[in-house]
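**Student:**
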Amino acid sequence: MYTYSYSYFTSYSYSTYYSYSTYYCYSTYYSYSISYFSSSTSCSSSSTYYFYCTSYCSVLHLLLLLLHMFHLLILLHILHLLLLLHILLRLLHILLLLFHILHLLILLHILHLLLLLHILHLLILLHILHLLLLLHILLLLFHHHQYRNQINKMT
Numbered sequence: 000m001y002t003y004s005y006s007y008f009t010s011y012s013y014s015t016y017y018s019y020s021t022y023y024c025y026s027t028y029y030s031y032s033i034s035y036f037s038s039s040t041s042c043s044s045s046s047t048y049y050f051y052c053t054s055y056c057s058v059l060h061l062l063l064l065l066l067h068m069f070h071l072l073i074l075l076h077i078l079h080l081l082l083l084l085h086i087l088l089r090l091l092h093i094l095l096l097l098f099h100i101l102h103l104l105i106l107l108h109i110l111h112l113l114l115l116l117h118i119l120h121l122l123i124l125l126h127i128l129h130l131l132l133l134l135h136i137l138l139l140l141f142h143h144h145q146y147r148n149q150i151n152k153m154t
């Protein structure tokens, strides 16, 4: 009778030996913590049954190898999904960095516009002060001219 429990197989040993006029088919799969053991299945000494026992162990070995390959395919698929997740997270990180850079550029542009507006405001104020100064000079000249005219009329 065969009993087994599945795990990640690392090595395999297979042997048939002769004992007490009976052939034994014995296969063992070693793993990290759980092992597969076939109980010593007795086969009769006739060659037909001996080959049947050997074939049975070979088929069992093939089935376990297929199970092992299926397990490896599942692990490969999981690794592939983890790699895709890693790539997506990297892309998300890059997009967030680009969004942050865009945000900083917009803020810089707004600050630049505010600075230009402030400079324009100062230029307008300077221009108004310049016009007021010119008006003041003109008024002084006008008053000076009137004052001279009055002095000239008096003399």
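Residue numbers (numbering that gives the first Met the number 0): 0 to 154.
By construction, the Cβ of each residue, glycine as well, lies at the ideal position given by its N, Cα and C atoms.
1) Do you know offhand how far L88's Cα is from L82's?
2) Would you tell me roughly how many angstroms separate the C-alpha atoms of L104 and L90, rounded to the nearest one?
3) Spatial neighbours of L116 within its chain, please: CB distance less than 8 Å, with the 5 preceding and 5 following residues excluded, ordered by chain position.
4) Determine the direct distance from the alpha carbon of L71 to that of L84, and round the result to whole angstroms.
**Tutor:** By the coordinates alone:
1) Cα-Cα distance, rounded: 10 Å.
2) Taking the CA atoms as reference points, L104 sits about 21 Å from L90.
3) none
4) 20 Å
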